[in-house]
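Step one of this worksheet: look at the structure below.
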Amino acid sequence: GAAAVELRNRFEAGTLNDVSTLIGSDGAAIFRDEQGHPDNILHDLGTLVWLGLIYDVDLSIYPTGDPGNRISRYETDLREIAQLIVNEERER
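Pasting the structure below:
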């Protein structure tokens, strides 16, 4: 939901440098197919949102290890975006 909308808005505004297309199968897109299956960046952002909303994880320091390294490779600050989404959802 919100993660996909946020990434798409940033992509359309030209501020999402980690993806080159909206739909693709090479890991450089938001969606893998026209049905809306997530590509890597959307999958990773969705994971962070779930961690924040369901498990109340401090997204500024978690996840760590291999998942944390994967998140940190993006130019886009997925932790910041996830925290914004979590904060908005909690305000509802």
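Per my numbering, the sequence shown starts with residue 62, numbered consecutively.
Every residue, glycine too, gets a C-beta built ideally from N, C-alpha and C.
Have a look at the options and flag the residue whose alpha-carbon is nearest the alpha-carbon of residue i.
i	options	result
Asp87	Glu95, Asp100, Leu77, Thr76	Asp100
Asn148	Val110, Pro128, Ser81, Thr137	Val110
Gln144	Ser81, Leu106, Pro128	Leu106
Ala63	Asp117, Ile146, Gly126	Ile146
May I ask which residues mark the beginning and end of the beta strand (DSSP E) holding residue i?
i	result
Ile91	90 to 92
Thr82	82 to 84
Quick check: what's the CA-CA separation for residue i versus residue j?
i	j	result
Glu152	Arg71	22 Å
Ala74	Thr137	14 Å
Asn130	Leu83	24 Å
Val80	Arg134	13 Å
Glu67	Ile142	8 Å
Could you spell out where the alpha helix (DSSP H) holding residue i opens and where it closes?
i	result
Tyr116	101 to 116
Taking contact to mean 3 or more Cβ pairs, one atom from each stretch, closer than 8 Å, check whether the region 74 to 93 and the region 101 to 112 are in contact.
The region 74 to 93 vs the region 101 to 112: in contact.
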